[in-house]
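Numbering (our numbering), first residue to last: 1 to 297.
For each residue, glycine too, the CB sits at the ideal point set by N, CA and C.
Predicted, not measured: the structure shown is a model, and the values here were computed from it.
Heads up: the structure comes next, in structure tokens.
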Ligand SMILES: NC(=O)C1=CN([C@@H]2O[C@H](COP(=O)(O)OP(=O)(O)OC[C@H]3O[C@@H](n4cnc5c(N)ncnc54)[C@H](OP(=O)(O)O)[C@@H]3O)[C@@H](O)[C@H]2O)C=CC1
Ligand SMILES: Nc1nc(=O)c2c([nH]1)NC[C@@H]1CN(c3ccc(C(=O)N[C@@H](CCC(=O)O)C(=O)O)cc3)C=[N+]21
């Protein structure tokens, strides 16, 4: 039976550890400000944005929310972005993905001030990450690095198979793990929908990171004995519970936990870490913009 990796606990420890840096900024009269922008009313996105605002309250960040209707024009969103770029109280912000189809997410990202891009999605920040000089590490991959470190899972020399090549998870995860650093130095395989014999690639891995958005694609038969399994996937599957849905990962937890050495659950695994690292990046952004040096965990 595998160790169950407790993302809520590690995220909570990171929020606590951010307290010192938030205190240092506070002594200089600075409250880090994080804005979330939601276009439309996708229920999952609304949940995430509410959780992010609650996180801000909990750690003493200034949480700001900008809501635009689902039929907003690209120009309306660009105007909101310009306002956020100009607002000195906002040190970081993000535009929740996905956006409605009349809006081009790439163009949105390009308009975000890279110094406030706490998702780390702007091409300048992506370039810096790939060059080994990251300003903001994207929250989900950074959170996964912190989870692995918290459970003493060595990445150096490890064979890591990532399932998914998205710009927000798969690609930055691969880049971070490849880097010549204490939390990198892995040998990385990145799989996607055209990969042949996926099972052979996951089975040989010391660490499997599933981020494909296909519910329970990875089962125990695809996991090597003792491997660490990180399940990023989070899909809403309708059921007859009170909420009307259950959250399901990309890994079939029941069979995978029998072979894995350690495994993240869904919920309570990677999700809370993504939110904790968003707070981390916002504190870091405030420190850089206000020229107040802080110690980050
Ligand atoms: N817990 C968290 O904090 C977060 C969770 N998520 C969740 O993670 C999942 C992935 O999201 P995201 O990273 O945005 O990825 P995308 O949905 O943008 O892309 C999915 C990736 O998986 C690949 N893929 C799809 N089907 C298969 C398959 N059958 N075999 C192998 N690869 C496949 C796709 O390949 P191709 O490129 O060929 O299309 C693509 O690269 C979603 O469930 C999302 O909700 C996302 C972000 C944060
Ligand atoms: N610009 C942008 N940046 C993102 O970082 C971003 C995004 N768009 N779009 C969507 C994905 C998804 N994502 C999650 C964040 C937190 C949880 C999370 O906290 N999950 C909890 C429970 C969630 C629940 O109860 O619904 C858990 O897994 O325990 C999940 C998923 C960030 N994303």
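Candidates the options, of which the one nearest residue i by Cα
i	options	result
residue 82	56, 114 and 69	114
residue 266	215, 285, 223 and 294	215
residue 208	230, 196 and 184	230
residue 179	130, 75, 264 and 254	130
residue 198	185, 175, 223 and 186	223
residue 11	37, 150, 77 and 34	150
residue 170	241, 57, 41 and 126	126
residue 67	237, 84 and 56	84
residue 168	186, 117, 285 and 183	117
residue 280	264, 292 and 297	297
residue 1	246, 283 and 228	228
residue 243	36, 44 and 203	44
residue 4	72, 264 and 292	264
residue 293	23, 89 and 8	23
residue 160	120, 211 and 87	211
residue 284	137, 27 and 162	137
residue 158	164, 128, 189 and 135	189
residue 165	153, 193 and 147	193
residue 9	134, 78 and 146	146
residue 36	200, 80 and 162	80
Backbone secondary structure at residue i - three-state DSSP
i	result
residue 66	strand
residue 12	helix
residue 55	helix
residue 282	helix
residue 246	strand
residue 44	helix
residue 78	helix
residue 317	The shown model of the chain, from 1 to 297, leaves out residue 317, and the question about it has no answer.
residue 254	helix
residue 262	strand
residue 216	coil
residue 39	strand
residue 144	helix
residue 94	strand
residue 226	coil
residue 115	helix
residue 154	coil
residue 210	strand
residue 34	strand
residue 187	strand
residue 27	helix
residue 22	helix
residue 196	coil
Rounded distance between the beta-carbons of residue j and residue i, thought under 8 Å
i	j	result
residue 20	residue 295	6 Å
residue 232	residue 250	7 Å
residue 235	residue 213	6 Å
residue 70	residue 41	6 Å
residue 202	residue 184	Between residue 184 and residue 202 the Cβ distance is about 20 Å, and since that is not below 8 Å, they are no contact.
residue 28	residue 38	That pair is no contact at about 31 Å.
Any chain B beta carbon closer than 8 Å to residue i
i	result
residue 76	The structure shown has no chain B; it contains just one protein chain.
**Asked** Which residues, in chain order, sit with a beta-carbon under 6 Å away from any heavy atom of ligand 1?
**Response** 140, 163, 164, 165, 166, 168, 169, 170, 191, 192, 193, 194, 195, 198, 211, 212, 213, 214, 217, 232, 233, 234, 235, 270, 271 and 274
Would you check if there are 3 or more beta carbon pairs closer than 8 Å linking the stretch 111–127 to the stretch 82–94?
yes
Task: Touching by the beta-carbon criterion (3+ pairs, under 8 Å), the stretch 163–179 and the stretch 128–142 - done: Taking 8 Å as the limit for Cβ pairs, the verdict is that the stretch 128–142 does touch the stretch 163–179.
* Asked: Any contact of the stretch 274–290 with the stretch 44–64, i.e. 3+ C-beta pairs under 8 Å?
  -> yes
- Query: How about the stretch 53–67 and the stretch 97–107: do they share at least three Cβ pairs that are nearer than 8 Å?
  - Reply: no
Next on the checklist: Does the structure place the stretch 253–265 close enough to the stretch 282–294 that three or more beta carbon pairs sit under 8 Å?
Outcome noted: no
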